[in-house]
Amino acid sequence: MEVNSEAVVWRGSPTRSEWLPLKPWTRLFLPSSAKHEASWKPIEVSGTVEDSNADLGEEVREVVYYDDPIDLNQKLKPGTFNVVYPDPSFSGCEEIVNESDYFDGKVEWVARWNASEEKEPTPLVHWWFAWAIARIEHGPYLWTSLVFDETADLAPESAKADVHETYEKVKALRRVMADSRKFHFSLFYLAHHEENLHSKIRRTIQWRISMPDGTANPAQENNDRAPVGFSSIPMIRDQLSRRPVGNLIFWNETSFNKVVWDDIAKFPEDERRWLKISLSEDCARARSGVEATGGEGG
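Letter by letter, the sequence shown follows residues 1 to 298 of this note's numbering.
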């Protein structure tokens with residue numbers, strides 16, 4: 001990050017916190033228009049660790065509140081690691097997406113507390129579509145890398161033309177990816193089974209990384225088929241199935257390179273716990289009649 005002067009953005013999720021080994025360097029972004037609650041949870045439900053409240057200011061380098069995707073991007077800094085939790089109120093998302101040249105049509109964004117029988121709540125993960133579009137169309141254009149775990153949550157192969165226009169949002173993301181490099185924007189997707197990721201996204205991916213999980217990497221000797229978007233596999237034989245964590249193969253259609261790196265261990269206190277950050281409606285703001293477009297965090 002420091003060498004490339006880039007801002008790394010890690011997808012924050014209410015169901016996981018794999019970023020904790022990097023917490024001393026973490027700038028934690030939370031939406032200013034939502035209330036947040038942070039608590040420690042046991043990794044093993046039958047374990048001895050009990051739930052307890054977490055003081056985010058004591059755990060990370062900095063807690064930053066953002067008003068909308070555009071405001072968030074303006075607060076990113078070169079050479080930083082940033083964990084971003086999406087805004088459940090979707091402040092600014094409707095304007096960003098509906099006015100974008102990357103998105104066809106119009107779509108309403110509905111917070112879960114505004115949902116009804118007539119209006120389904122917008123999936124929280126869809127916030128990332130608006131953020132990616134804002135990054136391309138509104139800048140600023142410092143080098144930015146998105147690291148998105150469980151990518152099929154965002155762009156599943158089963159995406160449909162539903163009330164949330166999921167299919168159109170996936171198409172917009174593909175267009176963003178096609179233009180990303182000239183806007184100093186890189187997207188890194190993590191998935192256990194890439195076939196669960198939409199083919200429009202897979203077809204746009206230029207490089208792949210294979211990591212050891214007890215199975216063989218794609219190889220010619222196994223008669224493996226090239227993934228969607230590639231016409232061939234350069235690896236002749238399996239090189240990963242017996243390798244430990246810390247090894248990978250970085251490859252495209254014509255060449256590959258083996259890489260080894262040191263493990264970033266968990267802090268001792270975090271070995272049996274994970275951090276859950278829950279976001280909900282800021283009731284105080286709702287009672288005061290203030291629109292969810294800015295202000296102080298919960």
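Just so you know, even glycine gets a beta-carbon here, dropped at the ideal spot from N, CA and C.
Query                                                                                                     : Result
Secondary structure of Phe185, DSSP reduced to three states                                               : strand
CA-to-CA distance, Lys41 to Ile274, given in whole angstroms                                              : One point to set straight first is that residue 274 is Trp, not Ile, in the sequence displayed. Roughly 5 Å between the two C-alpha positions.
CB of Val9 within 8 Å of CB of Thr144, strictly                                                           : yes
Bridge-paired residues (DSSP) for His36                                                                   : Leu279
Endpoints, alpha helix (DSSP H) assigned at Phe250                                                        : Note, Phe250: premise wrong, no alpha helix (DSSP H); beta strand (DSSP E) at 247 to 251.
Stretch pair the region 237 to 248 + the region 258 to 274: three plus CB contacts closer than 8 Å        : yes
Which listed residue (Ser255, Arg112, Arg11) has its alpha carbon closest to that of Ile236               : Ser255
Proximity below 8 Å, CB of Tyr141 to CB of Phe183                                                         : yes
Sequence-distant residues of its chain with Cβ nearer than 8 Å to Glu18 (five each side left out)         : Asp149
Exposure of Glu6, with buried meaning 16 or more beta-carbon neighbours within 10 Å                       : buried
Alpha helix (DSSP H) segments (min. 4 residues) lying fully within the region 65 to 131                   : 69 to 75, 93 to 98
Contact under 8 Å by Cβ, Lys200 with Val176                                                               : no
Spatial distance of Asn75 from Tyr66 (CA atoms)                                                           : Reading off the sequence, residue 75 comes out as Lys, not Asn. Taking the straight line joining both Cα atoms gives about 8 Å.
Length-filtered (4 minimum) alpha helix (DSSP H) runs lying within the region 142 to 230                  : 166 to 179, 199 to 202
Contact under 8 Å by Cβ, Pro121 with Val110                                                               : yes
Alpha helix (DSSP H) segment containing Leu30, residue limits                                             : Premise fails: Leu30 lies in the beta strand (DSSP E), 26 to 31, not in any alpha helix (DSSP H).
Pairwise C-alpha distance: Ala219 and Ser232                                                              : 10 Å
Candidates Ala132, Pro78, Asn114: closest to Val97 by CA position                                         : Ala132
CA-to-CA distance, His126 to Trp113, given in whole angstroms                                             : 16 Å
Element boundaries [alpha helix (DSSP H), containing Leu20]                                               : Where Leu20 is concerned, there is no enclosing alpha helix (DSSP H), given that its DSSP letter is neither H nor E.
C-alpha distance - Ile277 paired with Asn222, whole-angstrom precision                                    : 43 Å
Coil, strand or helix - Arg135 by DSSP                                                                    : helix
Pairwise C-alpha distance: Tyr85 and Asp282                                                               : 15 Å
Inter-stretch contact (C-beta, 8 Å, three-pair minimum) for the region 15 to 33 and the region 156 to 168 : no
Straight-line gap, Phe29 to Ala178 (C-alpha atoms, nearest Å)                                             : 27 Å
Distance between beta carbons of His138 and Ile70, contact taken as under 8 Å                             : 5 Å
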